[in-house]
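Residue 0 is where the sequence shown starts when you use numbering that gives the first Met the number 0, and the numbers rise one by one after that. Just so you know, even glycine gets a beta-carbon here, dropped at the ideal spot from N, CA and C. Working notes, beginning with the structure itself.
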Amino acid sequence: MAMSNLPRDLLEEVLSRVPVKSIAAVRSTCKNWNSLTYGQSFTKKLYGKTMATKEKEFLVVMTMDLEVYLMRVNLHGIHKDDNNVKSSIMQKAKLIRLNDDRVRVDDICKVFHCDGLLLCITIGIRLVVCNPYCGQTRCIKTRRDYHITDNYALGHEKMKNSPLRNYKILVFHDKSFLPKFLGNTYWFAREMYIHGPRIDLPDFLICFDFTTERFGPRLHLPFHSRCVDTVTLASVREEQLAVLFQVSKTLILEVWITTKIEPNAVSWSSKVFLEVNMSPLTGFQFNRSFGSFFIVEEKNVVVVPIKGGDFKRNLAYIIGKDEYFKEVDLGVPSSYIYFSPHVCSYVPSLVQIKKDAQVMLQHHNVSAEKHHEFCASL
Numbered sequence: 000m001a002m003s004n005l006p007r008d009l010l011e012e013v014l015s016r017v018p019v020k021s022i023a024a025v026r027s028t029c030k031n032w033n034s035l036t037y038g039q040s041f042t043k044k045l046y047g048k049t050m051a052t053k054e055k056e057f058l059v060v061m062t063m064d065l066e067v068y069l070m071r072v073n074l075h076g077i078h079k080d081d082n083n084v085k086s087s088i089m090q091k092a093k094l095i096r097l098n099d100d101r102v103r104v105d106d107i108c109k110v111f112h113c114d115g116l117l118l119c120i121t122i123g124i125r126l127v128v129c130n131p132y133c134g135q136t137r138c139i140k141t142r143r144d145y146h147i148t149d150n151y152a153l154g155h156e157k158m159k160n161s162p163l164r165n166y167k168i169l170v171f172h173d174k175s176f177l178p179k180f181l182g183n184t185y186w187f188a189r190e191m192y193i194h195g196p197r198i199d200l201p202d203f204l205i206c207f208d209f210t211t212e213r214f215g216p217r218l219h220l221p222f223h224s225r226c227v228d229t230v231t232l233a234s235v236r237e238e239q240l241a242v243l244f245q246v247s248k249t250l251i252l253e254v255w256i257t258t259k260i261e262p263n264a265v266s267w268s269s270k271v272f273l274e275v276n277m278s279p280l281t282g283f284q285f286n287r288s289f290g291s292f293f294i295v296e297e298k299n300v301v302v303v304p305i306k307g308g309d310f311k312r313n314l315a316y317i318i319g320k321d322e323y324f325k326e327v328d329l330g331v332p333s334s335y336i337y338f339s340p341h342v343c344s345y346v347p348s349l350v351q352i353k354k355d356a357q358v359m360l361q362h363h364n365v366s367a368e369k370h371h372e373f374c375a376s377l
């Protein structure tokens, strides 16, 4: 039987054994193979074989001291040996700077992740898109200047009858709306009042749909927070959403995971993923504005990077059930001590980045507040 006549699942299995560097040749063979290699199913099989010899390891993206690293993390045995925890994160981590011979990507203060692509924002307000798995880096040319306090998002438009995706960048310019960014276009937000106290306000999730280029309805949360509490979002395998909630008054930390997440609907697990009283462990509240974390479902733990030791050390806290707590030293920061480490889970992909990105500027009216949206097709 000719390979072109093989069932799709079997063809994916065969082609996933091809080295990553040869995927371009596979795509140029025929339209069917080109379409197949852009699918998420094929990417998972290809990546699964690449990581087969690295059991229990996973990838995260770490922004630390204005540089971005792609790190391998192994938390196997963390409940048994303190030294094993340190070696898992420090010695096995392979730090990769996102620079190549053509594009220098330095002084990165923000990173957003979607489908294996990284949107990097530099101190000089340059927009750079990278695919570290494929080794591609592209600068995005813009028609206007942006501010370091702007809010960004990276997502894609769903194409009918095609596995290809049209990736876009969203930029908020209205400082009255301060969303928390998840990478896959979901934010945590609160209702805003012009006058009066702002301690206890309605809170919710909101999604920007890159296909319709519109915001969806308010999505409910499994808790109610106040303005002084900490609420941070994270993706789970790019399939679900996790939210970290810490009460300012008691320092009790909760982590919830969705069972369904769509632009217009959300449902949450009936049980909290993790609940820990951080008062005897750290004695302080995690960052309310620029915090980040990732979860390891198999170990029932969360990892939270912080700037500790009077801003003289980069640290990571590993937090689990039954008050399991470990502190990992990530090293001495550079002179840029005011930026805390930022982390997100990373799922590799074979998405190719166009050399010349076409850009367009659009304006929309959202909830009676003016927001300017800059979308770039990648």
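Element boundaries [alpha helix (DSSP H), containing ARG7]: 7–14
Query - Reference GLU296, options LEU280, ARG312, ILE318, closest by Cα - result: ILE318
Problem set entry | Cα-Cα separation, ARG16 to MET277 | 46 Å
Own chain partners of ASP228 with C-beta closer than 6 Å, once the 5 adjacent residues on each side are dropped
VAL246, SER247
Point to revise | Closest residue to VAL302 among SER344, LEU169, ALA188 (Cα-Cα distance) | key: SER344
Span of the beta strand (DSSP E) around LEU349:
Per DSSP, LEU349 belongs to no beta strand (DSSP E) and is neither H nor E.
Can you tell me the Cα-Cα spacing of PHE289 and LEU169, whole angstroms? 19 Å
key: Sequence-distant residues of its chain with Cβ nearer than 6 Å to ILE294 (five each side left out)   = ALA241, VAL301
For SER255, tell me which candidate among TRP267, HIS341, VAL331 has the shortest Cα-Cα distance. Reading the sequence as shown, one finds Trp at residue 255 and not Ser. Of the candidates TRP267, HIS341, VAL331, the one whose C-alpha sits nearest the C-alpha of TRP255 is TRP267.
Suppose only complete runs of 3+ residues qualify. What are the beta strand (DSSP E) ranges in the stretch 99–138, listed by chain order?
107–113, 116–121, 126–130
> If you drop the 5 nearest sequence neighbours on each side, which residues of the same chain put their C-beta closer than 6 Å to that of LYS306?
Replying inline: SER339
Q | Buried versus exposed call for LYS109 [16 or more other C-beta atoms within 10 Å across all chains shown] | A | buried
Next on the checklist: Per the DSSP calculation, ARG213 is bridged to which residue(s)?
Outcome noted: ASP208
- Query: Within this structure, are the beta carbons of PHE203 and HIS223 separated by less than 8 Å?
  - Reply: no
(Q) Let me check understanding here. Comparing Cα to Cα, which of THR231, VAL265, THR249 lies closest to GLU238? (A) VAL265
*When DSSP labels each residue in this structure, what does LYS320 get in the three-state scheme?*
coil
Of the residues THR121, TYR132, ASP149, ALA152, the one placed nearest CYS138, counting alpha carbons only:
THR121
Checklist entry - Do you know how far the Cα of LEU5 is from the Cα of LYS298? => result 39 Å
Straight-line gap, TYR151 to LEU252 (C-alpha atoms, nearest Å) = 27 Å
Subject >> Buried or exposed by the 16-neighbour rule on C-beta atoms within 10 Å, applied to LEU9 >> reply: exposed
Q: Compute the beta-carbon to beta-carbon distance between LEU349 and THR141, rounded to the nearest angstrom, for a pair I have assumed lies under 8 Å.
A: That pair is no contact at about 26 Å.
- Query: Mind checking PHE111: buried by the 16 CB within 10 Å criterion, or exposed?
  - Reply: buried
**Alpha-carbon to alpha-carbon, GLN351 and VAL25** = 14 Å
* Asked: Got a sec? Which residues, its chain only, sit under 6 Å from LEU280 by beta carbon, not counting five neighbours each side?
  -> PHE324
Counting only the same chain and skipping the five closest in sequence on each side, list residues whose C-beta sits under 8 Å from that of THR210. GLU156, LYS157
ask   = Going by DSSP, what residues sit across from MET70 in a beta bridge?
value = VAL59
Buried or exposed for VAL59, going by 16 or more other Cβ atoms inside 10 Å?
buried
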